[in-house]
Every structure is written in C-alpha cells, then in structure tokens.
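Residue numbers (the working numbering), protein chains in the order written: chain A, 4 to 302; chain B, 4 to 302; chain C, 4 to 302; chain D, 4 to 302.
4 protein chains.
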Amino acid sequence: MTSQAIGFIGLGNMGLPMARRLIEAGHRLSVYNRSPERAALLLETGAKLARTPREAVEPGGVVITMVADDRALDQVTLGADGVLGALGAGGVHLSMSTVAVDTAKRMDALHAERGASYLCAPVFGRPPAAAAGKLWIALSGAEAAKRRVLPLLAPLSQGVKDFGDVPGAANVVKLAGNFMIAAAIESIAEACALAEKSGIDRRALVELMAGSLFDCPVYRLYGEGVALRRYQPAAFRSVLGLKDISLVLAAAAQAQTPMPFASLLRDRLLGLVAKGHGDLDWTAIDRAVSEDAGLAPGA
Amino acid sequence: MTSQAIGFIGLGNMGLPMARRLIEAGHRLSVYNRSPERAALLLETGAKLARTPREAVEPGGVVITMVADDRALDQVTLGADGVLGALGAGGVHLSMSTVAVDTAKRMDALHAERGASYLCAPVFGRPPAAAAGKLWIALSGAEAAKRRVLPLLAPLSQGVKDFGDVPGAANVVKLAGNFMIAAAIESIAEACALAEKSGIDRRALVELMAGSLFDCPVYRLYGEGVALRRYQPAAFRSVLGLKDISLVLAAAAQAQTPMPFASLLRDRLLGLVAKGHGDLDWTAIDRAVSEDAGLAPGA
Amino acid sequence: MTSQAIGFIGLGNMGLPMARRLIEAGHRLSVYNRSPERAALLLETGAKLARTPREAVEPGGVVITMVADDRALDQVTLGADGVLGALGAGGVHLSMSTVAVDTAKRMDALHAERGASYLCAPVFGRPPAAAAGKLWIALSGAEAAKRRVLPLLAPLSQGVKDFGDVPGAANVVKLAGNFMIAAAIESIAEACALAEKSGIDRRALVELMAGSLFDCPVYRLYGEGVALRRYQPAAFRSVLGLKDISLVLAAAAQAQTPMPFASLLRDRLLGLVAKGHGDLDWTAIDRAVSEDAGLAPGA
Amino acid sequence: MTSQAIGFIGLGNMGLPMARRLIEAGHRLSVYNRSPERAALLLETGAKLARTPREAVEPGGVVITMVADDRALDQVTLGADGVLGALGAGGVHLSMSTVAVDTAKRMDALHAERGASYLCAPVFGRPPAAAAGKLWIALSGAEAAKRRVLPLLAPLSQGVKDFGDVPGAANVVKLAGNFMIAAAIESIAEACALAEKSGIDRRALVELMAGSLFDCPVYRLYGEGVALRRYQPAAFRSVLGLKDISLVLAAAAQAQTPMPFASLLRDRLLGLVAKGHGDLDWTAIDRAVSEDAGLAPGA
Numbered sequence: 004m005t006s007q008a009i010g011f012i013g014l015g016n017m018g019l020p021m022a023r024r025l026i027e028a029g030h031r032l033s034v035y036n037r038s039p040e041r042a043a044l045l046l047e048t049g050a051k052l053a054r055t056p057r058e059a060v061e062p063g064g065v066v067i068t069m070v071a072d073d074r075a076l077d078q079v080t081l082g083a084d085g086v087l088g089a090l091g092a093g094g095v096h097l098s099m100s101t102v103a104v105d106t107a108k109r110m111d112a113l114h115a116e117r118g119a120s121y122l123c124a125p126v127f128g129r130p131p132a133a134a135a136g137k138l139w140i141a142l143s144g145a146e147a148a149k150r151r152v153l154p155l156l157a158p159l160s161q162g163v164k165d166f167g168d169v170p171g172a173a174n175v176v177k178l179a180g181n182f183m184i185a186a187a188i189e190s191i192a193e194a195c196a197l198a199e200k201s202g203i204d205r206r207a208l209v210e211l212m213a214g215s216l217f218d219c220p221v222y223r224l225y226g227e228g229v230a231l232r233r234y235q236p237a238a239f240r241s242v243l244g245l246k247d248i249s250l251v252l253a254a255a256a257q258a259q260t261p262m263p264f265a266s267l268l269r270d271r272l273l274g275l276v277a278k279g280h281g282d283l284d285w286t287a288i289d290r291a292v293s294e295d296a297g298l299a300p301g302a
Numbered sequence: 004m005t006s007q008a009i010g011f012i013g014l015g016n017m018g019l020p021m022a023r024r025l026i027e028a029g030h031r032l033s034v035y036n037r038s039p040e041r042a043a044l045l046l047e048t049g050a051k052l053a054r055t056p057r058e059a060v061e062p063g064g065v066v067i068t069m070v071a072d073d074r075a076l077d078q079v080t081l082g083a084d085g086v087l088g089a090l091g092a093g094g095v096h097l098s099m100s101t102v103a104v105d106t107a108k109r110m111d112a113l114h115a116e117r118g119a120s121y122l123c124a125p126v127f128g129r130p131p132a133a134a135a136g137k138l139w140i141a142l143s144g145a146e147a148a149k150r151r152v153l154p155l156l157a158p159l160s161q162g163v164k165d166f167g168d169v170p171g172a173a174n175v176v177k178l179a180g181n182f183m184i185a186a187a188i189e190s191i192a193e194a195c196a197l198a199e200k201s202g203i204d205r206r207a208l209v210e211l212m213a214g215s216l217f218d219c220p221v222y223r224l225y226g227e228g229v230a231l232r233r234y235q236p237a238a239f240r241s242v243l244g245l246k247d248i249s250l251v252l253a254a255a256a257q258a259q260t261p262m263p264f265a266s267l268l269r270d271r272l273l274g275l276v277a278k279g280h281g282d283l284d285w286t287a288i289d290r291a292v293s294e295d296a297g298l299a300p301g302a
Numbered sequence: 004m005t006s007q008a009i010g011f012i013g014l015g016n017m018g019l020p021m022a023r024r025l026i027e028a029g030h031r032l033s034v035y036n037r038s039p040e041r042a043a044l045l046l047e048t049g050a051k052l053a054r055t056p057r058e059a060v061e062p063g064g065v066v067i068t069m070v071a072d073d074r075a076l077d078q079v080t081l082g083a084d085g086v087l088g089a090l091g092a093g094g095v096h097l098s099m100s101t102v103a104v105d106t107a108k109r110m111d112a113l114h115a116e117r118g119a120s121y122l123c124a125p126v127f128g129r130p131p132a133a134a135a136g137k138l139w140i141a142l143s144g145a146e147a148a149k150r151r152v153l154p155l156l157a158p159l160s161q162g163v164k165d166f167g168d169v170p171g172a173a174n175v176v177k178l179a180g181n182f183m184i185a186a187a188i189e190s191i192a193e194a195c196a197l198a199e200k201s202g203i204d205r206r207a208l209v210e211l212m213a214g215s216l217f218d219c220p221v222y223r224l225y226g227e228g229v230a231l232r233r234y235q236p237a238a239f240r241s242v243l244g245l246k247d248i249s250l251v252l253a254a255a256a257q258a259q260t261p262m263p264f265a266s267l268l269r270d271r272l273l274g275l276v277a278k279g280h281g282d283l284d285w286t287a288i289d290r291a292v293s294e295d296a297g298l299a300p301g302a
Numbered sequence: 004m005t006s007q008a009i010g011f012i013g014l015g016n017m018g019l020p021m022a023r024r025l026i027e028a029g030h031r032l033s034v035y036n037r038s039p040e041r042a043a044l045l046l047e048t049g050a051k052l053a054r055t056p057r058e059a060v061e062p063g064g065v066v067i068t069m070v071a072d073d074r075a076l077d078q079v080t081l082g083a084d085g086v087l088g089a090l091g092a093g094g095v096h097l098s099m100s101t102v103a104v105d106t107a108k109r110m111d112a113l114h115a116e117r118g119a120s121y122l123c124a125p126v127f128g129r130p131p132a133a134a135a136g137k138l139w140i141a142l143s144g145a146e147a148a149k150r151r152v153l154p155l156l157a158p159l160s161q162g163v164k165d166f167g168d169v170p171g172a173a174n175v176v177k178l179a180g181n182f183m184i185a186a187a188i189e190s191i192a193e194a195c196a197l198a199e200k201s202g203i204d205r206r207a208l209v210e211l212m213a214g215s216l217f218d219c220p221v222y223r224l225y226g227e228g229v230a231l232r233r234y235q236p237a238a239f240r241s242v243l244g245l246k247d248i249s250l251v252l253a254a255a256a257q258a259q260t261p262m263p264f265a266s267l268l269r270d271r272l273l274g275l276v277a278k279g280h281g282d283l284d285w286t287a288i289d290r291a292v293s294e295d296a297g298l299a300p301g302a
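Put into structure tokens, the structure is as follows:
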C-alpha cells in the first residue's frame, strides 16, 4: 500500500487537516480541490496536485472523498472527470462525507457495476480533532475493501467502528449520532429554561451535569453554549442541522421507525430557519426553547 | 462539630452506606430507621440507636434525612415524634431525599418559623456510589447552614454544587437532572430503533457513541440497557420515573416553562404503566420505542 | 315538582339566563348570588332572594349550582352557610359548573354520607345559548336523582346526554369536549399557517372547510377567529384554557391514558401565558403557531 | 363548450361517477381508462372510447384527469401517448387528482411552455358524493382557464372554492384538509380513550359531541368509526394517510412552517404501517391511541 498513491478529493476545513495527517503518516497523496489554492497549501508536503478528480485516481487504487454534500459527491464521482471513470475493477472509493443514506446506496450500486467498492466512512469530530487524528469513524462496506483502508484510517482517528456491509449503514450511524447531539441540545435547553425561570443559575446547573453524569464532549461543548446562550459563531449552522434531521426522518420513514424526538427537533429547527436564524449555530435550539418560556433570547 | 452527634434518619439502600461513610469519617451518629433491623446493622460502628426521629436530634444540631418520598419526609419531620419538634433555633435539617419543589418550599417555611434551617441536598448516584463516597450533590438553602454542613458532605461525594438560597432550588436541579437522563434514554432508544430497522447492529451503534461523543456515565449505563433491551432488574422503576417526570412538569407549570421533551416522556412512561410495565426499569422507555417501530419488545 | 321551590346558586353570565329560563318555564326559584345585585335582577320575576346558599335550599329538595370554579363550589357547598348542611336525605345537588373530576368525586362522597345525591351536569354553550335554552348538557349520577331533574334541564337545553352513574363522569366528558375544541383550534391554525406561507388566502381555506367537511359550530366559530387572527375580546381566556387542559391531563394521568395532542396543547398554552398573552382568547393558540412559522402575530 | 368533446381520463371509484354526472349534464365525453372494461361501462351513455389518453384530447380543448397518484398523472400526461402532446395552445388540463404540490408546479410549467393551462382542482368527498354531484372542489390556476371549466364543475359539486393562480395552491388546500381530518381522528381517539379508561361509554361521548359542537360530516363519520373501533373495510387506508401526511410535511418544509400536530400524526401512521396495519382505514389512528392506553385494540 505504501508504494501506491492515494487519491484525496476535497480539502475543506476537515479534508485539509486529514490529508496532512495521511502525508505525515508516510502516505503518498494525489490531491484535488475545486478551488486549487487549497490544494497548493499541500505542495510543500510533497503531495501531487491533480487537475481533476479523475487525475487523482490510479486504476485499482484507493480514493478518499471528503466533500460538502450529496451534490458535491455526485460531481466528483460521476461528473465528466469524476473518479468513478478511472477507479476501475478492484478500486476502492472511501467516502467520508456526510450524505443521505439513499445517496450511499446509489453510489454503492454504481461502483459495484464497475467492479469497484464504495465504502461509507463518515466521521465524528471537528477540524481540531481532524488535525490531531482524533476523529471517530463509522465504517461500512465490503470486507476486503475495509481491510485495505484500515491503515489509512489509523492516523486519522482514535477509533473506527465497523457496521458491516449493508450499503449506507455507516451513514445511518452518522445521522443517528447527529440526531443524538440535537436531542442533547434540546434536553439541556429545556432543563436550563426550567432552572432559570425557577430562579436558579443555569450555568451552575450545566456545570454540575456536564461535570458528573454527563461528563462527555457533547454535554460539555453544547452545555456551555446553552448555558451562556451563545449561538455564534456557528460551528454547525441551524440550516444544516435542519438538513441532517430531515435526512434522519427520511431514513426513519424508509425504515418505518417513528422517532418523535426527531420530529420535534425538525419542527424546532424549521421554526428557527423560518424566523431567519438559520445561520446561527444549532445550539440556537436553545433560543427557541427560551423564547417559548418568555425569556429574552440570546444571540 | 466533631463533638456533636449528628442525627441520621432513613437507612435504606442509599441511607445506610451514606451513614457508614459519615461514621468512618469520624462523625458520631444517632440513627433512626422505621424498621429497626436496618439501624441495628450500624450498632457495631458505635452509632447510637434512636427510637424515634425526634430522639436522633440534638437541639440546635444537625439532622440528615434520606427517605423514600414526600410522605415519608412529612412523617419523620412533622409527625408526633418528628425532628422539627426537637430541632429548635439554630438547628439544621439537611434533607437529601428527592421530593417535590413545593414540599421543599413548605418545609423551608415551617423550619424558618422555628428559627431552624432547612437545606435541600438531593444526590445523584446509586448505592455503589454512595458506598464509595462518590455521589454528586446539589445544595441550596441559607448560607450559614450550608457552611456548617459542608464537612458532612465531603465524605459522601465527589462534588457539591451550590445553587444559592432559593427554597427548593436544589430540588429543581435534581428533577432537571432526572429529566435529562430520561431524555437520553429516549434519544438512545430512537437511534437504536432506526439502526436495527436499517439492518445495523444496535450494540455497535451504542458502543461507538458511548465510547466517543457521549462517553459519560448516563450514556454508558443506559446505552447498554437499551442496546441489549434489558429492562430488569429495575434500578429505577418506570412508575417512579413517571412520578419524577410528573414532578418536573409540575415545576415547569409553576415556572411557566414549556418542556415538550418532558411532555413526551410523561406520555411514554404513562403508556408503560398503563400497559402493566410500571415495574420495569425506566430503560423500558426503549420498549415503547421498539414496539412503535414494530420490533419485538425486550423484557 | 312544580309545587316545590328550586334553589339556584350562582347568577353569573351563564347562571342568570339559565335561572330566567327556569322561571319562565314555571318553576319557583329561590336564588342566591355572592353579590346580591345580580340576584336583584330576578326580583320582578317572582324569584325569592336567599341571603345565604343554605337559605335557598329546602330539605330533601333540589338545588342547582352554577359557579366559577372548584373553590366557589366548595364555598357554596361546604361553607358555614353552604347547601350541604340543609340539603338532607333525599336532596339533590345539581352541579352544572365545570370543575375537576376529583372535586366531583369528593362532592359525590360527601353528599352520599348525608343521604343526598350529587349530580354532575356541566354544560356546553355560551351565554346566548343559555338565554335561548340551547345548551348541551352532559349528565351523570344516581338514576333516581337524574329522573327527578330532567324536567329542569329541558327548558335549558337542546340535548341532555346521560353518562351513567360513575362519579365525575360528566366532568370527564366536559373536559374531553374542551380538549377537542383546543385541538380543533391548533389544527385550523397549522393549516392556515401552511396556507399563508404557501401564498394562499387563509380565509378562503377556512371558508371552504368550515362550509363543508367541518360545517359545525366549533370550526365556524374558531375558524373565523384563526382566519382573521383575532384573539380579542376573549370569550374564553388562554389562562383558563391552560387550566382546563391541565385538568384534562390530570384526569388522563389518573386514568393512565397518554394524550399527546393534549400534552402539546398544554405546552402551547403555557407558552402563551409565559409570554404574557394569558388574557387573549385561547384562539391565540394560533398566535403561537403563526410566530413559530415566522409570521407576524395577530392580536 | 357544449359543442366540443371533453376528454376524461381515469375511471376509478371516483372518476366513473364523475364522468357519468358530466354526461347526464349534457356534455360529450371522450373517455380513457387504463383497463378498458371500466370505460366500456360508459358505452351506453354515448361516450366515445379513446384508446390512449392522447386520443381523448382535442387540440385547444379541455381534458380532465382523475387518477390514482403522481405517477399515474405523469404517465397519462407526459407519456408517449400522453395528453400534453395533443393539448396544444389554448388547451386546458383540469387535474382533479390528489398529488404533491411539487408535481403540480412542475405540471404547471410544462403546460405553460406549450401555451396550455394546467388547473388544480382536487376534490373532497367519497364515491357516493361523486355520484350525487355533492363534492367540494378547491380550484387554482389561470383565471381564463378557470372561467372556462366552471360549467364542468357545477354538475360535480355542491361548492367550488377559488384559491387564486399560485401553481399548486389547490393541492396545498387539499393536503391541508386531509391533515385536518387526521387531526380530528386523533382528537376523537384521545377523548374516547380518556372516557373509556374513566369508565364512561365512548359511544355516548361521540354521540354528544358529533351531535352538537362538532355536528359535521368529519366528526360524524370518523366519530362513529372511533367510537366502535371499527377500522375495516378501509375507505382510506393508513398507508395512503401516511403518504398524504408526508406530503403535508414536505409542503410545510418548503413553506418553512412547523406543524407539530402533523409531525405527530406522521409518527402515528408510520407506527401503524410498521406494525403491519397499513391496510386498515386511517381511523386506525385510534388503534394506536387505544394500545398506548393499555386498551385491547379494535380491528
């Protein structure tokens, strides 16, 4: 594997530090980004610059994509200069973006037609975690392909969890995780509203909880935002939260699974967007909770 | 303080190990329990056995109560041989049970009338945490009284959080915490139902989440119960969960705070009780979620 | 029956026109109202003025109460000069106020102890319907007592429905009816918000629905209020709506019946009150729906 | 108009009686149905049988479609022998099926490109109402086209409501109406569950409500089904109800309108389908409500 160049497509806030980690771990990378300035940042590392997604791919090789959304994935994969045309039999497409379950299933089928493998490997974590190789990765797809990419995932993550070979399985996991985060935000926000309106310091409540029973990254991070009612700058915008919860509900509809908390979160986020707050961080779920309780909203 | 006997009322699954911790820390205890056999277990430790709650109290001293519910607190406090009759001016009632906010306010007023102080100090944690002195404690009440009891709380807990002097404040915090736990259960259960019906291993989902973003006691403990759909033996029965969430909503009504997640959880738990599952652990929230998704229920 | 005076307690917006109807139908009334000016309005009709509730009652006779709430019912019934002291064996208390189910059960037991009967007969309809004898009445209680009062209900109503002899049954029916009205308001409001934000005339939507599939008093009346977003003057204030929906949920808790629509309506009304809109008509449920959709609120 | 043949596509349970009404009113019809036996039923009436949708259309004429769903509408309109190819400039497509708002918008644009008009005219009512000319019709589209078709709608309906010229407006109205029906079912079901578990006759409750405040077709019809817990035979299957409420939520997402009752109804219907009850009438919403309350489910 070390003798072969890995294609890497998408050098955004997450992709760039991930590519760096791979290079530092000794992998040879052929990189592509829509705006080439981002790719240029990797020149000094010895990475090879590709002018198209296709050019980053070696037949039968491995290509990693880390792009913004379903449409971007479609373009770099299926477009005229897309990776699928060059990947060929035995090739592996390691898709690390967060996309719809249906998109994953469609991609899986299109790759299989050409003898290639499509792996879902969405990540949990933000840019600093990416830079530190501390992401968490959910992985699904064909066994042989998964074994082949594990050495690539090692320098990126502190944990890789295998979810079998059902197409799109890891995407469901990613969406379920995002749902759980949003539910935690609503839960903290309701507890804080109750506290504040009962004359209790909401920050003290969060400090106790996030320091004891809920002493974990999600409650510490979002607990602070909710306690301080600070919804900017946005690490993850409400409008994207709405998109993800809508994808959760689409997956739930397909799987025939009622998810009442998810339904409620969709209405919350839809309300935020309707009121013009779609660009606030999705911690702003707390803004709606506060408003409903007659509290002056944060910002 | 060390020269004075501390009254300790209520030697149940939580109270007994807590009393032991205090004795081991060098405090002299005068203990009372409704069924005296429990109190006898402390004889060898040098604790003095009181025949009534009142007998455990020294005028102007400190008495701790750790009883089952609002009614039991009423009896040991206001009954014919209750502690309030003996506590007198300067006395401190350190109430560690989980009771309604209104009960706390009423107790606060009754103690104040006699020049005594009523402190709310409900705990988070189960019997093993109590035995290890690893509880978390929310504290509210008069400042001077709080300073006086802090040395007693030290051997019981790994953390004490002060919530000011609003009567009942710490009870609101305890209820808010229990609400957050129930919300976490529902959230995990919905994510697991989605996973399972999408052909994904629910245990793997929980292992990933509870080992990364949600790496904290609540998600580890309840995550395992939900993943395995194991709702017995009950550490906290659904019927008690229903009682607590109803207390949350009562406090929310008083504070004029809509809490839609709490409302949904009340309906969940009410449904469990209506179907005859009130004695299952409240992890059985997952049972209802599973049933709604057409999955065979756990037990 | 016609030879015997009927006691009538409570001459408010509903009670006064009801008492008039009974007098016009040939019944002799002995009337009491807390503020005697209201009672004086009936002097010319030949009604006898009682100075206390008790004075309006003949032993073994029939007394009707139509008062504001549970507390008022308690006072006129159980107070020092209350009706219960005079009613005696064979007497019938026809209680037409909207009160809690628990209050009805308690009253039932207290009357039974004295050999008297307590009938629940809450009404649907507003003052104009009362004046026209067009109320709808739900009735529950002992069979013999019900037969005895039917001639009194005839001039008041266009329909009396018997709900058996379970204590408080008719009160549950009254609360269920008020719940159904609130649910209809929310339903119309959500449909109107969808229409308006889709560029459709909300009044045209309501006109179509309330003129066809939903051609009935509730949808016509509340449909107009929602369509026009007119929440004043209040015929039934939001704060009273909140009280009633809370009574519904209390009855539902006792009967172990999850009612998710009712839970949602409670949160809606709680939010209205929290924001200071408790004095608007409960049609203002639409105000909250509109706000959530980013529409400028009505008034 | 009377001198011109009207095309009529789709002779199902609704379309056949509607076509008959038009013929009886003196209109000349050219009819098409996928299975020609249905069309043959109209032979004796003088209707002309078309072998393809296209054959039923006269250039510049009027064609009515009344088909099962979006896909069927696509086929008869855009297929090789579809109506759009023949309709031409000045033609009017009167679309009376219940389809998605997006479908309506797309159709509107495709017709406009060819100088034809696409009118949305979904109907409220069941086959007996269609046979009696007692449907209610929501209408939207270009003014001139609407004026042209009004004489055709008269023999079909007891009321036509105009919703302007926003493409798809009448479809939103149809979906909003179906949402309101589903909300009424849930509301009646919750009230009945509360009544039954309180020892009260649910039929008596419904009789009172549907005979007074809610004396209208929806509450009479669905009230009876809920009261008797009779969910078969299905007049409108739960799986179709789920489809319609999902279309409502799709329209609500596009219009940025939170609809919490609709979200809850979606979860209800999704649960019914997940449990294998998708073929029961959507009155079976009551089945889920009953089950949650621990009542033995109806059938």
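Yeah, the Cβ is synthetic: ideal placement off N, Cα and C, and Gly gets one too. Here the structure is a predicted model, which is why all the values come from computation and not from measurement.
Within-8 Å CB hit, residue i to chain B
i, result
"D/Gly-128", "no"
"D/Lys-108", "no"
"A/Asp-295", "yes"
"A/Ile-203", "yes"
Through-space distance from residue j to residue i, alpha-carbon basis
i, j, result
"B/Ala-296", "C/Asp-270", "26 Å"
"A/Leu-159", "A/Ala-59", "20 Å"
"A/Arg-54", "D/Met-262", "47 Å"
"C/Ala-254", "C/Tyr-35", "31 Å"
"B/Phe-11", "B/Leu-87", "14 Å"
"A/Val-65", "A/Trp-139", "20 Å"
"D/His-30", "D/Ala-89", "20 Å"
"B/Glu-47", "B/Leu-142", "31 Å"
CB contact below 8 Å: residue i versus chain A
i, result
"C/Gly-279", "yes"
Any C-beta of chain D under 8 Å from that of residue i
i, result
"C/Phe-217", "yes"
"C/Gly-162", "yes"
Supposed contact pair residue j and residue i - C-beta distance, whole angstroms, cut 8 Å
i, j, result
"B/Asp-84", "B/Pro-56", "6 Å"
"B/Thr-286", "B/Tyr-222", "Contact doesn't hold; Cβ gap of about 12 Å is too wide."
"B/Ala-108", "B/Pro-39", "Before going further, note that residue 108 of chain B is Lys rather than Ala in the sequence given. Not confirmed; about 32 Å, so no contact."
Within-8 Å CB hit, residue i to chain C
i, result
"D/Trp-285", "no"
Three-pair Cβ contact test at 8 Å for the segment 204-216 of chain A versus the segment 234-245 of chain B: no
Given 8 Å, three or more beta-carbon pairs between the segment 171-189 of chain B and the segment 117-125 of chain B: yes
Contact set between the segment 247-277 of chain B and chain C, restricted to residues whose Cβ is under 8 Å from the partner: Ser-249, Ala-255, Ala-256, Gln-259, Thr-260, Pro-261, Met-262, Pro-263, Ser-266, Leu-267, Arg-269, Asp-270, Arg-271, Leu-273, Gly-274, Val-276 and Ala-277
Contact residues within the segment 139-157 of chain B, judged by C-beta distance below 7 Å to chain A: Trp-139 and Ala-141
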